[in-house]
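Undergrad:
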Amino acid sequence: MNAKPPATDLGAPEAGASQLGAFLDATLAVAGLPLEAELRGRVLMHLGIAAGMADLVLGFPLPDEAEPAPVYQP
Numbered sequence: 141m142n143a144k145p146p147a148t149d150l151g152a153p154e155a156g157a158s159q160l161g162a163f164l165d166a167t168l169a170v171a172g173l174p175l176e177a178e179l180r181g182r183v184l185m186h187l188g189i190a191a192g193m194a195d196l197v198l199g200f201p202l203p204d205e206a207e208p209a210p211v212y213q214p
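Letter by letter, the sequence shown follows residues 141 to 214 of the numbering used here.
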């Protein structure tokens with residue numbers, strides 16, 4: 141399953157929060173997991189932080205010549 145949270149718009153936190161809420165609801169439904177109402181805010185906060193970090197990584201420009209590092213084998 142390649143679920144990726146929608147990119148957050150840091151300029152409009154309310155839009156990002158509604159997108160993250162919809163993503164959370166959909167993934168909970170697919171996984172069949174319950175979420176207590178009092179924990180929803182905390183989960184959304186951490187999901188928003190993770191989405192922000194992902195936006196930073198995905199937004200970093202790489203040159204076409206960039207190659208992944210080889211796997212280290214001692």
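Ideal Cβ positions, reconstructed from N, Cα and C, are used throughout, including at glycine.
Confirm, please, whether the CB-CB distance from Leu196 to Leu164 is below 8 angstroms.
TA: No, these two residues do not count as a Cβ contact at 8 angstroms.
Undergrad: Could you check where the alpha helix (DSSP H) with Val197 kicks off and where it finishes?
TA: Counting along the chain, the alpha helix (DSSP H) containing Val197 begins and ends at 180-198.
Undergrad: So for Asp149, helix, strand or coil by DSSP?
TA: Residue placement at Asp149 cannot be trusted, given a pLDDT of 48 that sits under 50; what the coordinates show is reported in the next sentence. Three-state result, Asp149: coil.
Undergrad: With 16 other CB atoms within 10 Å as the buried threshold, where does Gly181 fall?
TA: Gly181 comes out exposed.
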